[in-house]
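*Asks:*
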Amino acid sequence: MSILLNAETQVIVQGITGRDGSFHARSMRDYGTKVVGGVTPGKGGENVDGIPVFNTVAEAVQRTGADCTVIFVPARFAGAALREAADARIPLIVCITEGIPVLDMIRDTHYLSERGCRLIGPNCPGLVSPGAAKVGIMPGRIHTPGGIGVISRSGTLTYEVVWALTRAGIGQSTCIGVGGDPVIGTSFVELLALFEADPNTTGVALIGEIGGDDEERAAEYISKSMKKPVVSFISGRTAPPEKRMGHAGAIISGGKGTAEAKVAALRQAGVPVADRPDEVPGLLSSRLAAQAPGSRKGG
Amino acid sequence: MKLHEFQAKGFLREYGIPVPEGRPASTPQEARAIAASIGFPVMVKAQVLVGGRGKAGGVKMAKSADEAEARARDILGMKIKGIEVQRVLMAAAVDIAAEFYVSLAVDRSGKTVQCIASASGGMDIEEIAATQPDRIIRFPLDPENGPVAASHQGKLASAFGRELSDQAWAILQGMYRLFSEKDCSLVEINPCAKTQQGKLIAADAKVIFDDNALFRHPELENLRSPEEYGADEMDARSNGLSYVGLDGTIGCIVNGAGLSMATMDLIKYFGGSPANFLDVGGSSNPEKVLNALRIILKHRGLTAILINIFGGITRCDDIARGIVMARERLSIPVPLVIRLIGTNEAEGRAILKGAGIDAYEDLTEAVQGVVARARSTDGKGTA
Chain E
206 MSILLNAETQ
216 VIVQGITGRD
226 GSFHARSMRD
236 YGTKVVGGVT
246 PGKGGENVDG
256 IPVFNTVAEA
266 VQRTGADCTV
276 IFVPARFAGA
286 ALREAADARI
296 PLIVCITEGI
306 PVLDMIRDTH
316 YLSERGCRLI
326 GPNCPGLVSP
336 GAAKVGIMPG
346 RIHTPGGIGV
356 ISRSGTLTYE
366 VVWALTRAGI
376 GQSTCIGVGG
386 DPVIGTSFVE
396 LLALFEADPN
406 TTGVALIGEI
416 GGDDEERAAE
426 YISKSMKKPV
436 VSFISGRTAP
446 PEKRMGHAGA
456 IISGGKGTAE
466 AKVAALRQAG
476 VPVADRPDEV
486 PGLLSSRLAA
496 QAPGSRKGG
Chain L
22 MKLHEFQAKG
32 FLREYGIPVP
42 EGRPASTPQE
52 ARAIAASIGF
62 PVMVKAQVLV
72 GGRGKAGGVK
82 MAKSADEAEA
92 RARDILGMKI
102 KGIEVQRVLM
112 AAAVDIAAEF
122 YVSLAVDRSG
132 KTVQCIASAS
142 GGMDIEEIAA
152 TQPDRIIRFP
162 LDPENGPVAA
172 SHQGKLASAF
182 GRELSDQAWA
192 ILQGMYRLFS
202 EKDCSLVEIN
212 PCAKTQQGKL
222 IAADAKVIFD
232 DNALFRHPEL
242 ENLRSPEEYG
252 ADEMDARSNG
262 LSYVGLDGTI
272 GCIVNGAGLS
282 MATMDLIKYF
292 GGSPANFLDV
302 GGSSNPEKVL
312 NALRIILKHR
322 GLTAILINIF
332 GGITRCDDIA
342 RGIVMARERL
352 SIPVPLVIRL
362 IGTNEAEGRA
372 ILKGAGIDAY
382 EDLTEAVQGV
392 VARARSTDGK
402 GTA
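Sequences listed follow chains E and L, in order. Just add 205 to wherever you are in the first sequence, counting from 1, and you've got our numbering. Just add 21 to wherever you are in the second sequence, counting from 1, and you've got our numbering.
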């Protein structure tokens with residue numbers, strides 16, 4: 206089992222005729238995802254390896270019953286693509302595109318949430334429920350089905366941790382890259398709540414990095430509201446301090462955002478923080494073993 | 022993209038916000054002429070993108086043409102945090118009765134543009150925010166419409182007071198029009214000075230444009246200061262790479278910012294020191310690897326290079342082709358350690374093998390490998 210995405214999810218690909226869109230549409234289908242259609246304005250009626258292409262998202266949804274879309278269109282057209290998906294009331298919108306202006310994302314995230322759509326990304330690798338489906342660009346073979354939820358702000362660093370888990374024999378329920386931009390659709394806290402409620406998730410690996418305060422907020426949520434064990438890794442301990450953004454950035458972040466602050470907040474919430482990505486599986490195993498006897502019966 | 026004060030004030034003026042009369046000068050003679058046309062007293066202000074210029078002696082007042090020329094001569098060529106001052110802003114001195122603070126910036130977690138305002142403007146605003154947070158007013162603007170009088174004018178007035186409320190509101194509206202029309206990530210006025218005559222005026226300002234939105238405003242690219250990025254960083258940017266030079270010895274080429282930072286952390290963990298941050302980005306093409314190596318090889322004291330690729334949208338065969346091409350075209354005098362895994366890995370490994378190049382699959386082993394190789398070349402690296 207999993208969160209957000211399962212074997213029944215019907216997926217369309219916006220930007221399916223581009224280099225990345227067509228490559229990953231095939232790769233997702235090869236993984237077992239139900240890729241039911243694609244959208245490229247002006248190319249309706251064509252197909253990509255048998256996947257039908259439509260001119261508009263509305264038409265694609267009407268003809269295929271899609272309940273998820275993944276967006277590969279270039280940054281300057283991504284805002285329109287997001288709104289088109291929201292107008293078609295697609296409940297799960299995954300935006301891979303990087304380089305979208307931040308003001309577009311401020312307007313678009315509100316537009317989407319007003320229409321009841323959940324956005325993952327932008328500038329993200331997507332999500333995968335191993336053994337069931339993947340929506341995005343992650344290499345399928347590194348995942349294995351199991352009970353660990355993985356959430357991360359990075360793409361490739363997520364793969365690193367997932368691969369370490371798989372090699373250690375620890376499977377994953379759902380792995381999600383939330384995206385590396387300042388303004389994103391879904392934060393760590395919302396996903397932690399979904400994993401806490403998912404009967405088949407036994408623990409969570411949280412992969413953070415310097416900047417913003419999503420990790421600090423996650424730490425607060427974990428200490429208040431989570432029973433399942435969470436283990437973390439934070440990248441950027443040796444990175445030079447973020448280039449300053451006037452005084453406003455410092456006032457908004459209020460001293461949060463450094464690797465030290467994030468590690469300290471997580472440890473204070475009882476979350477072990479790995480020094481290396483390949484230490485995550487060992488830390489998770491020992492936390493799961495400590496929780497196993499007596500107290501919890503099947504979550 | 023960061024603007025100098027004189028550029029930022031030019032935009033404020035364009036959007037109807039009062040700023041002191043002023044123009045930039047790059048020689049003492051030019052400074053004298055501008056000062057004479059503005060009148061006295063006049064401020065001579067170093068134009069550098071780093072903070073703390075006042076404390077470094079980069080801001081002085083002058084009461085005559087001779088003094089203006091002398092102060093400009095002192096400040097031009099001065100180094101502030103390692104940056105040489107090449108221009109001064111000559112600006113009419115403001116007769117300040119009180120200093121306020123007002124800014125618009127992106128609030129990540131609120132997913133909004135946030136307004137921050139305070140009656141305690143000036144140099145110590147960050148300390149006030151940390152120690153006396155009740156003296157700072159913050160509120161989110163409407164995501165579609167920005168400042169809305171019914172919801173926001175009263176909040177702003179709680180920082181500026183009723184007497185200045187209308188002026189402050191007009192300034193905020195101008196700031197928001199600038200913010201949204203030019204795609205800013207920051208518009209900050211500090212201090213927003215109240216003159217002895219009771220007028221608000223932007224005595225200093227910072228504006229940062231969102232780099233992701235510059236495609237909508239190609240004309241703004243001309244305003245970019247060479248000071249913001251070094252020559253290598255600019256070279257990297259124009260080739261679609263994200264690069265930051267550091268002072269270590271092991272060059273890094275990685276895909277993805279998170280993994281790049283984790284790779285640097287791991288190099289340090291195993292006793293090495295990273296020479297740079299370099300993210301080749303997604304959707305790689307072979308040219309990017311070639312350019313990345315070319316830029317890294319300029320680094321002095323390089324002892325080894327690690328290429329760490331975990332393919333997702335980046336395909337291992339593209340990277341492998343780039344490595345083979347770079348080996349043919351560039352002279353690489355230090356050990357090159359490669360870690361390659363993910364999308365199209367088999368194809369990538371076959372290409373490398375055909376050129377007689379080995380690659381690790383495990384990151385920890387690759388980092389341990391590159392740190393060991395770096396030790397053995399220490400002192401014999403790039404000059």
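Glycine included, C-beta positions come from ideal geometry on N, C-alpha and C. Just so you know, these numbers come straight off a predicted model, no measurement behind them.
Alpha carbon to alpha carbon, what distance is there between residue 224 of chain E and residue 252 of chain E?
*Replies:* Roughly 14 Å between the two C-alpha positions.
*Asks:* Look at the alpha carbon of residue 394 of chain L and the alpha carbon of residue 379 of chain L, and state the distance between them as a whole number of angstroms.
*Replies:* Their backbone Cα atoms lie some 14 Å apart in a straight line.
*Asks:* Relative to the alpha-carbon of residue 307 of chain L, which residue among L:356, L:297, L:260, L:121 has its alpha-carbon at the smallest distance?
*Replies:* Closest option to residue 307 of chain L, Cα to Cα, is L:260.
*Asks:* Counting contacts by CB-CB distance shorter than 9 Å, is residue 279 of chain L in contact with chain E?
*Replies:* Cβ-Cβ to chain E under 9 Å: yes for residue 279 of chain L.
*Asks:* Under 9 Å, Cβ to Cβ, is there at least one residue of chain E near residue 307 of chain L?
*Replies:* Not one chain E Cβ lies under 9 Å of residue 307 of chain L.
*Asks:* To the nearest angstrom, how far is it from the Cα of residue 291 of chain L to the Cα of residue 314 of chain L?
*Replies:* Between residue 291 of chain L and residue 314 of chain L, the C-alpha separation is close to 23 Å.
*Asks:* Since residue 211 of chain L is in the beta strand (DSSP E), which residue starts that stretch and which ends it?
*Replies:* Residues 205-216.
*Asks:* If the cut is a Cβ gap below 7 Å, which residues of chain L does residue 307 of chain E touch?
*Replies:* Within chain L, the residues near residue 307 of chain E are 127, 206, 231, 233.
*Asks:* According to the neighbour-count rule (16 or more other Cβ atoms, all chains shown, within 10 Å of its Cβ), is residue 76 of chain L buried or exposed?
*Replies:* Classification of residue 76 of chain L: exposed, given that the 10 Å Cβ count is below 16.
*Asks:* State yes or no: is the beta carbon of residue 288 of chain E nearer than 9 Å to at least one beta carbon in chain L?
*Replies:* No, residue 288 of chain E does not count as interfacial toward chain L.
*Asks:* Excluding the 5 residues preceding and the 5 following residue 353 of chain E in the sequence, name in chain order all residues of the same chain whose CB lies nearer than 8 Å to its CB.
*Replies:* Closer than 8 Å at the Cβ level, and outside the excluded window around residue 353 of chain E, lie 370, 375, 376, 377, 378, 406, 407, 408, 409, 410, 489.
*Asks:* Nearest by alpha-carbon distance to residue 235 of chain E: which of E:402, E:430, E:222, E:335 is it?
*Replies:* When each option's Cα is compared against that of residue 235 of chain E, the closest is E:335.
*Asks:* Checking the sheet assignment: what are the DSSP bridge partners for residue 64 of chain L?
*Replies:* The partner list for residue 64 of chain L (beta bridge, DSSP) reads L:82, L:112.
*Asks:* If you draw a straight line from the alpha carbon of residue 41 of chain L to that of residue 421 of chain E, how long is it in whole angstroms?
*Replies:* Distance between the alpha carbons of residue 41 of chain L and residue 421 of chain E is about 42 Å.
*Asks:* What's the gap between the Cα of residue 235 of chain L and the Cα of residue 112 of chain L?
*Replies:* Each residue's alpha carbon lies about 29 Å from the other.
*Asks:* Evaluate the contact criterion for the region 272-290 of chain L versus the region 438-446 of chain E: three or more CB pairs, one atom per stretch, below 8 Å.
*Replies:* The answer is yes - the region 438-446 of chain E touches the region 272-290 of chain L, with three or more Cβ pairs under 8 Å.
*Asks:* Mapping the DSSP letters down to three states, classify residue 58 of chain L as helix, strand or coil.
*Replies:* Residue 58 of chain L: helix per DSSP, three-state reduction.
*Asks:* Just list the alpha helix (DSSP H) runs in the region 267-303 of chain E, keeping only unbroken ones of 4 residues or longer that don't cross its boundaries, in chain order.
*Replies:* Listed in chain order, the complete alpha helix (DSSP H) runs (minimum 4 residues) inside the region 267-303 of chain E are 280-292.
*Asks:* Identify each residue in the region 310-328 of chain E for which the Cβ-Cβ distance to at least one residue of chain L is less than 7 Å, and report them in chain order.
*Replies:* So the close ones are 311, 312, 314, 315.
*Asks:* Mapping the DSSP letters down to three states, classify residue 140 of chain L as helix, strand or coil.
*Replies:* Three-state DSSP puts residue 140 of chain L in coil, outside helix and strand.
*Asks:* What does residue 267 of chain L touch in chain E if you count any residue whose Cβ is under 8 Å from its own?
*Replies:* Those are 445, listed as they occur along chain E.
*Asks:* Of all the residues that make up the region 171-195 of chain L, which are near chain E by a beta-carbon distance shorter than 7 Å?
*Replies:* Answer set for the region 171-195 of chain L: empty.
*Asks:* Evaluate residue 385 of chain E with the Cβ neighbour count: other Cβ atoms within 10 Å of its Cβ, from every protein chain shown; 16 or more gives buried, anything less gives exposed.
*Replies:* Residue 385 of chain E should be labelled buried.
*Asks:* What distance in whole Å lies between the Cβ atoms of residue 165 of chain L and residue 288 of chain E, which are believed to be in contact at a cut-off of 8 Å?
*Replies:* Contact flag wrong, Cβ pair sits at about 12 Å.
*Asks:* CB-CB under 8 Å to residue 79 of chain L, same chain, minus the five flanking residues each way: which ones, in chain order?
*Replies:* Hits under 8 Å: 66, 67, 69, 96, 99, 101, 106.
*Asks:* Let me see if you follow: with CB-CB separation under 9 Å, is residue 298 of chain L close to chain B or not?
*Replies:* No chain B appears in the structure shown, which is made up of the protein chains E and L.
*Asks:* Does the distance from the CB of residue 231 of chain L to the CB of residue 279 of chain E come in under 9 Å?
*Replies:* Contact: no.
*Asks:* Going by DSSP in three states, residue 174 of chain L sits in which element: helix, strand or coil?
*Replies:* Reduced to three states, the DSSP call for residue 174 of chain L is helix.
*Asks:* Using 9 Å as the threshold, is the C-beta distance between residue 293 of chain L and residue 269 of chain L below it?
*Replies:* Yes, they are a contact pair.
*Asks:* Indicate whether residue 256 of chain L and residue 276 of chain L have their beta-carbon atoms separated by less than 9 Å.
*Replies:* Contact flag unset, no.
*Asks:* Just to confirm, is the Cβ distance from residue 273 of chain E to residue 366 of chain E under 9 Å?
*Replies:* Contact flag unset, no.
*Asks:* Count Cβ pairs between the region 192-201 of chain L and the region 121-129 of chain L that sit closer than 8 Å; are there 3 or more?
*Replies:* At 8 Å Cβ cutoff, the stretches touch.
*Asks:* Could you spell out where the alpha helix (DSSP H) holding residue 221 of chain L opens and where it closes?
*Replies:* From DSSP, residue 221 of chain L is part of no alpha helix (DSSP H) but of the beta strand (DSSP E) over 221-223.
*Asks:* Excluding the 5 residues preceding and the 5 following residue 500 of chain E in the sequence, name in chain order all residues of the same chain whose CB lies nearer than 7 Å to its CB.
*Replies:* With a pLDDT of 47 at residue 500 of chain E, under the threshold of 50, the predicted position of this residue should be treated as unreliable, though the coordinate-derived value follows. The answer is none, since no qualifying residue turns up.
*Asks:* Three or more beta-carbon pairs under 8 Å between the region 262-270 of chain E and the region 348-364 of chain E, yes or no?
*Replies:* They do not touch, by the three-pair rule.
*Asks:* Against chain L, with Cβ distances strictly below 9 Å, would residue 236 of chain E count as a contact?
*Replies:* Judged by the 9 Å Cβ criterion, residue 236 of chain E is not in contact with chain L.
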